[in-house]
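First comes the structure, then the notes that go with it.
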Amino acid sequence: MLEVADIEAARDRIMSVVRRTPMQRSPTFSSMTGADIHLKLENTQRTGAFKIRGATNRIAKLSADEQAAGVVTASAGNHAQGVALAASRAGVDATIVMPEQAPVSKIEATERYGGDTVLQGTDYDEAQAYAHQLAEESRQTYVHAFDDKAVMAGQGTIGLEIIEDCPDVETVVVPIGGGGLIAGIATAVTAHNPDIRVIGVQAEGAASARKSLASGSIHKLETVNTIADGIATRRIGDRPFAVIDDRVDDVVTVTDDEIAVAVTYILERSKTLVEGAGAVAMAAVLADAFDYSNNETIVPALCGGNIDMNRLTTVLIRGLVETGRYLRIRTVLEDYPGALEELVAILADYQANIYAIQHDRTSRTVEMNEADVEIDLETRGHDHIDTILSALRESGYTVEVLV
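Note that the UniProt record's numbering numbers the sequence shown so that position 396 is 396, with each residue one more than the last.
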């Protein structure tokens, strides 16, 4: 079982490579939730995520022969970058297998850090199977993303920093993919104070840990589906499972919509960019996925900021839709001069700002004397949307809400 002494030793090994990330109290999120929210900004870590901690510790423990042979790993992106940089700093060759659908930004970053990338499989688990095959054939060391004591110990150094920077912490909220991060953090913080509550968070579409804890044995999912690609694993690791079962108080889930809202709010309110996996801890707090008291000191771990720009656009639009800040509608107009102007005038009266209009007189879905119209609107909340829709319908328009 992982112990705090392993984590303290890991900190000594990695301190020359790994950045100590800041802790930031958030007055905005504290006001929104009623709790005392302190954000652990691990998204500011080197390589943009916590994975560099565990990778550095694992590679530092390789023998001279193992270092000469090189390492192999599999990753959806963040572990890939961590291993690539840690290996490069240690003068070790690294081959990283990534899913074929891995974000382009993470593939390119991994290569810039010195890793040789191989794209294989539809998800992390298929990439991992191929990486194990490569490691066996080449007799190189496989650096597991989470099911490795040295990796867990490296990730646990975040817990030491949380305790030092926020000694009054009552609850720590941590994302769970394979479980290495929460296993390390839970070990560190509960060793300091067994009364500190540790809450794990998974995406609803990749909730293997929650199912495993409920059944008492590791449950492997057939598929995963979530915007939080950094924690989209089909199963948690054997070693993390033992620690989570012993030291984590609860595991909850959040939806992709709730994750998108958290990404949007964190960017807007805290001026901090996080990826989907990095936002799930804050998403759980905002969505009341677990019970907490007024003024309870809570530290959500924002574990990564490596979000693909194309994915970011999609996530932000989803977040704006969920918070009532973006609306796309469709209606049908009679085809006469001024019809569109009359519609736009109503929108202007109710201060709906227009992003875009698509006006189509040739659509086969309408009659010859009609025009199909789609409008994207900037709105100010769900009440504002209800007011706009009511005004349009009272004026005789049949309105369909598209998003």
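Beta carbons are placed, not taken as given, at the ideal position from N, Cα and C, and that holds for glycine.
| Check | Outcome |
| --- | --- |
| C-beta atoms of S208 and R234 nearer than 8 Å | yes |
| DSSP state of V373 mapped onto helix, strand, coil | strand |
| Span separating the alpha-carbon of S30 from that of I266 | 13 Å |
| Bridge-paired residues (DSSP) for H359 | V373 |
| Beta-carbon proximity check, V71 vs V143, cutoff 8 Å | yes |
| For I163, three-class secondary structure by DSSP | helix |
| Residue environment, Y113, which counts as buried when at least 16 other CB atoms sit within 10 Å | buried |
| Simplified DSSP state of Q24, which is helix, strand or coil | strand |
| Secondary structure of V366, DSSP reduced to three states | coil |
| DSSP state of residue 408 mapped onto helix, strand, coil | Nothing about residue 408 can be reported from this structure: the residues present for the chain run from 1 to 403 only. |
| Neighbourhood of N353 by C-beta distance below 7 Å, restricted to the same chain and skipping five residues each side | L377 and E378 |
| Simplified DSSP state of I259, which is helix, strand or coil | helix |
| Candidates Y130, V285 and R247: closest to L39 by CA position | V285 |
| CB-CB length for V280 against I259, believed under 8 Å | 6 Å |
| Exposure of N225, with buried meaning 16 or more beta-carbon neighbours within 10 Å | exposed |
| Coil, strand or helix - M15 by DSSP | coil |
| Contacts around D6, its chain only, beta-carbon distance under 7 Å, and the 5 residues preceding and following it disregarded | K149 and A153 |
| Assigned secondary structure, G200 (DSSP; H/G/I helix, E/B strand, else coil) | strand |
| Nearest-angstrom beta carbon gap, H382 and A371 [assumed within contact, 8 Å] | No, A371 and H382 are not in contact; Cβ-Cβ is about 29 Å, not under 8 Å. |
| Spatial distance of S26 from I14 (CA atoms) | 29 Å |
| 8 Å Cβ cutoff met for residue 406 and E100 | Within the shown structure, residues of the chain are numbered from 1 to 403, placing residue 406 beyond reach of any answer. |
| The stretch 298-307 / the stretch 173-182 touching (three or more Cβ pairs under 8 Å) | yes |
| A74 burial status per 10 Å Cβ neighbour count (16 or more: buried) | buried |
| CB-CB length for L181 against F50, believed under 8 Å | 6 Å |
| Cutoff 8 Å; reference A391; Cβ partners in own chain excluding five residues on either side | I346, D349 and Y350 |
| Rounded C-alpha distance that separates G178 from I385 | 40 Å |
| Buried versus exposed call for D245 [16 or more other C-beta atoms within 10 Å across all chains shown] | exposed |
| Expected contact under 8 Å - CB spacing of T323 and V261 to nearest Å | 6 Å |
| Rounded separation between residue 409 and L41 - CA only | Residue coverage of the chain in this structure runs from 1 to 403, which leaves residue 409 outside it and unanswerable. |
| Residues that DSSP places opposite I96 in a beta bridge | T73 and T117 |
| V366 and L340 closer than 8 Å at C-beta | no |
| Residue(s) in a DSSP beta bridge with K40 | M23 and A301 |
| For E222 and E334, the rounded distance between their alpha carbons | 50 Å |
| Among G91, T141, E170 and A109, the one whose alpha carbon lies nearest that of A80 | A109 |
| Per DSSP, the bridge partner or partners of A49 | G304 |
| Backbone CA spacing between A102 and E394 [nearest angstrom] | 47 Å |
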